[in-house]
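For reference, the structure discussed in these notes is given below.
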Amino acid sequence: MKNVFVLDHPLIQHKVSLLRDKNTITKEFRELVEEVAMLMGYEVTRKMPLKEVEIETPVGIAKTKVISGKKMGFVPILRAGLGMVDGMLKLLPMAKVGHIGVYRDPETLKPVEYYCKLPLDVSEREIVILDPMLATGGSASAAISFLKEKGVTSIKLVCIIAARYGIEVVNREHPDVEIYCAAVDEKLNEHAYIVPGLGDAGDRLFGTK
Ligand code: PRP
Ligand code: URA
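Just so we're aligned, residue 12 is where the sequence shown starts under this note's numbering, counting upward by one.
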């Protein structure tokens, strides 16, 4: 596995355990996904460039630093990625948000794109793709390819639980993309669900099953 950062902060690990619990109800699940996304965002933005500025305080001039470099954009993969947007926006409220709709065909398990709306200046932004689950890697890889076709050159993928298989697929198809996750699970079942995983993230977020 290359370019993979497993975020082992105790708060992230604790909240992921609660997310995995099948007794966690939709309301709590939704809150936890948002909180985990915010905590992950803290780590994902760690290498953001800074520039020096001078700020006038009430008692003098402070030589200090502010974020510089490319502006950011968040692109959740519908549906489940939506649950991570507000957590990320708490840290970077000025970021723009694009949406890519991809679902897995239940028969072929291949990704099917059904929606896309991106910021006009997407190619100039540093894009962070959000999706709680990386299973076969098909959805994430398709979303990355799509963004690259639109001219995006800087892409990170943030997922909460990643299967080793999906990581390897993204590594192979997009070796330039860094993957941030909170846990790496070893197995996929016959329906390509992550085992032990947390179940169907979209259904648990929105209460659809
Ligand atoms: C889930 C999940 C990912 C995808 C991961 O979405 O949110 O997008 O599956 O699987 P993959 O790595 O094998 O592509 P799903 O297709 O269930 O759609 P939904 O979010 O609309 O429920
Ligand atoms: N999508 C999910 O929501 N969960 C999985 O385990 C795999 C794909």
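Built from N, CA and C at the ideal position, the CB exists for glycine as well.
From a predicted model like this one, the values you see are computed outputs, not experimental measurements.
- Residue state for T119 is assigned as coil, using DSSP reduced to three classes.
- If you compare the alpha carbons of P21, P87, L61, S150 with that of S79, the shortest gap goes to L61.
- When the five nearest sequence neighbours on each side are left out, the beta carbons in the same chain lying within less than 6 Å of the beta carbon of A203 are those of L120, A146, T147, in order along the chain.
- Secondary structure note for Y191: its beta strand (DSSP E) is the uninterrupted segment 189-192.
- For A173, the beta-bridge partners assigned by DSSP are L145, V195.
- In the three-state DSSP reduction, H185 falls in the coil class, being neither helix nor strand.
- Here DSSP, grouped into helix, strand and coil, assigns Y114 to strand.
- Look at I72 here: in three-state DSSP terms it is strand.
- Per the DSSP secondary-structure output, E179 pairs with nothing in a beta bridge.
- For H185, the number of other beta carbons within 10 angstroms of its own is at least 16, and it is reported as buried.
- DSSP, reduced to helix, strand and coil, places S79 outside both helices and strands of the structure shown, so it counts as coil.
- Counting along the chain, V17 sits inside no alpha helix (DSSP H); it lies in the beta strand (DSSP E) bounded by residues 15-17.
- Checking the DSSP bridge columns, you'll see P87 partnered with L141.
- If you look at H25, you'll find it in the alpha helix (DSSP H) that goes 21-31.
- Below 8 Å, too few C-beta pairs join the segment 108-127 and the segment 169-176 to call them touching: fewer than three.
- Taking 8 Å as the cut-off, the beta carbon of I88 is found no closer than this to the beta carbon of L50.
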